[in-house]
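Comments concern the structure below.
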Amino acid sequence: MHYVAIVTVVALLQFLYFGVLVGKARAQYGIAAPAVSGNEIFERYFRVQMNTLEQLLMFLPSLWIFAHYANPLWAASLGVVFVIGRAIYCRSYARDPKNRSLGFALTALPTLIMMAGILWQAIRTLMAAQ
Amino acid sequence: MHYVAIVTVVALLQFLYFGVLVGKARAQYGIAAPAVSGNEIFERYFRVQMNTLEQLLMFLPSLWIFAHYANPLWAASLGVVFVIGRAIYCRSYARDPKNRSLGFALTALPTLIMMAGILWQAIRTLMAAQ
Amino acid sequence: MHYVAIVTVVALLQFLYFGVLVGKARAQYGIAAPAVSGNEIFERYFRVQMNTLEQLLMFLPSLWIFAHYANPLWAASLGVVFVIGRAIYCRSYARDPKNRSLGFALTALPTLIMMAGILWQAIRTLMAAQ
Chain F
2 MHYVAIVTVV ALLQFLYFGV LVGKARAQYG IAAPAVSGNE IFERYFRVQM NTLEQLLMFL
62 PSLWIFAHYA NPLWAASLGV VFVIGRAIYC RSYARDPKNR SLGFALTALP TLIMMAGILW
122 QAIRTLMAAQ
Chain E
2 MHYVAIVTVV ALLQFLYFGV LVGKARAQYG IAAPAVSGNE IFERYFRVQM NTLEQLLMFL
62 PSLWIFAHYA NPLWAASLGV VFVIGRAIYC RSYARDPKNR SLGFALTALP TLIMMAGILW
122 QAIRTLMAAQ
Chain P
2 MHYVAIVTVV ALLQFLYFGV LVGKARAQYG IAAPAVSGNE IFERYFRVQM NTLEQLLMFL
62 PSLWIFAHYA NPLWAASLGV VFVIGRAIYC RSYARDPKNR SLGFALTALP TLIMMAGILW
122 QAIRTLMAAQ
């Protein structure tokens, strides 16, 4: 599970970095806390952070359960795709929110694959035990 | 733990579905990203998704720790109540935010029960080891 | 892992309490759902809750992986610092958002220390296995 642990921390550090980008945009465009709107560019970085929060909530449990059921190396590899997808998502969303589809797909797909794998394995094991 | 894994994935897929509803409301009411306000109905679906994010963050760790301490089948059953409660929450919030109490209670209660069970078991075990 | 389980539940109950504070501010300042803006004090409590959500997402996985790799008692102790830091964060943010740095640092630091510990242990173990 070492690779799964490493990819977990890397994904969380990337999320932390997106939070730093929000803080920088806050300073740059003069959006003082607690406000979270008032400048288009700031709002883009804020939405990148929030969407990543939503994605991580689905990704992290899926990653660990899939690593347990299937294969830690496959799980970690899908985790690398997730992190690269998020990097693309952040860059493209900041430039133009309309271009966020590729990065979004690259982070949603690994999670969906792992969810399908978990359901498949769990149900198959329960069936076999009948 | 197979049932716990299945209920975890089902709860995450439900969360994903709430995200799809937000995307559909975004298109239907013309709220272009990164905006998250401007139409009452869109804001309701957005709040359903955000509140579910908050609830899942408390539910998922409680589910797995409770499954470990107490009984995976009880944990999974409480998880089913959580998912049904969230479905009711989404429907009633979208119609009128004032009616969100029942669905909210049905998702908060399973988590609170599991939290109480964890504290009880963990403290009892530590006491017994004295 | 009993202490880690207890500190997890305490951190989640604290998050739940921040949600209750948001609900109370909603009633007190007349911000009806689904609105999440319109009053400065309400927005402060709302931001405390959202920021805690972000911090917990990084804290909880780090806590459990670190407890596994390093030492459950150290993990639980860093968790206690996290919870105290969040309490300070909430109090100071509600008074004046500009004073939120100390509480923020006290919750971010335990997570960063645990992340560094996980990376160190995981990479060292992988190296040793070569």
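Heads up: the protein sequence lines correspond to chains F, E and P, in order.
Our numbering runs 1 ahead of the 1-based position in the first sequence.
Our numbering runs 1 ahead of the 1-based position in the second sequence.
Our numbering runs 1 ahead of the 1-based position in the third sequence.
The beta-carbon is built from N, C-alpha and C at its ideal position, and this holds for glycine as well.
- Interface residue (Cβ-Cβ distance to chain P less than 8 Å): F:Val10 is classified as such.
- CA-CA distance, P:Ala6 to P:Leu64, rounds to 10 Å.
- In this structure, P:Arg87 sits away from P:Thr112, with a CB-CB distance that is not shorter than 8 Å.
- Here E:Ala36 carries a coil assignment [DSSP, helix/strand/coil].
- Here the alpha carbon of P:Arg96 sits roughly 9 Å from the alpha carbon of P:Arg45.
- Between F:Tyr4 and F:Ala77 a beta carbon distance of about 4 Å is seen, short of the 8 Å cut, so the two are scored as contacting.
- At a beta-carbon threshold of 7 Å, the residues of chain F lying near E:His3 are Ala123, Thr126 and Leu127, ordered along the chain.
- With a threshold of 8 Å between beta carbons, E:Pro98 makes no contact with chain F.
- Under the three-state reduction of DSSP, P:Gly31 is assigned to coil, being neither helix nor strand.
- A distance below 8 Å between beta-carbons, with the five flanking residues on each side excluded, links P:Leu74 to the following residues of its chain, in chain order: Tyr4.
- Take the alpha-carbon of P:Phe83 and the one of F:Met128: they are about 43 Å apart.
- Note on E:Arg48: 16 or more other CB atoms within 10 angstroms of its CB, so buried under the neighbour-count rule.
- Along the stretch 48-77 of chain F, going in chain order, the ones with a CB nearer than 8 Å to a CB of chain E are Arg48, Leu54, Glu55, Leu58, Met59, Pro62, Ser63, Ile66 and Tyr70.
- The C-beta of E:Arg45 comes closer than 8 Å to at least one C-beta of chain P.
- Interface flag for F:Leu14 against chain E is unset, since no Cβ pair is found closer than 8 Å.
- In this structure, P:Phe67 and P:Gly118 form a Cβ contact; the two beta carbons are roughly 5 Å apart against a cut-off of 8 Å.
- Taken through DSSP and simplified to helix, strand or coil, F:Asn72 comes out as coil.
- Residue environment: F:Gln50 is assigned as buried (16 or more neighbouring CB atoms within 10 Å of its CB, all protein chains considered).
- In the structure shown, the three-state DSSP call for P:Met2 is coil.
- Annotation: the continuous alpha helix (DSSP H) that includes F:Pro111 extends over Ser102 to Ala129.
- Less than 8 Å divides the Cβ of E:Tyr90 from the Cβ of E:Thr108.
- Using a 10 angstroms sphere on the CB of F:Arg101, the tally of other CB atoms reaches 16 or more, which defines it as buried.
- Within chain F, the C-beta atoms nearer than 7 Å to that of E:Ala34 come from Arg48 and Pro98, in chain order.
- The straight-line gap separating the alpha-carbon atoms of P:Leu120 and F:Gly20 is approximately 21 Å.
- Within its own chain, the residues whose Cβ lies closer than 7 Å to the Cβ of F:Leu61, once the five positions on either side in sequence are excluded, are Thr9, listed in chain order.
- Nearest neighbour of E:Ile85 by Cα position, chosen from E:Ala28, E:Ala71 and E:Gly104, turns out to be E:Gly104.
- Against P:Ile7, the close residues of chain E are Ile119, Leu120, Ala123, Ile124 and Leu127, in the order they occur along the chain (beta-carbon pairs closer than 9 Å).
- Within chain F, the C-beta atoms nearer than 7 Å to that of E:Leu17 come from Met59, in chain order.
- Judged by their CB atoms, P:Ile42 and P:Ala28 are not nearer to each other than the 8 Å cut-off.
- Taking the CA atoms as reference points, E:Gly80 sits about 12 Å from E:Gln15.
- Contact of P:Gly80 with chain E by beta-carbon distance below 7 Å is absent, the smallest such distance being about 12 Å.
- Closest option to F:Arg125, judged by alpha-carbon separation, among F:Ala71, F:Leu13, F:Leu22 and F:Ala36: F:Ala71.
- For the pair F:Gln56 and F:Gln131, the Cα-to-Cα distance works out to about 35 Å.
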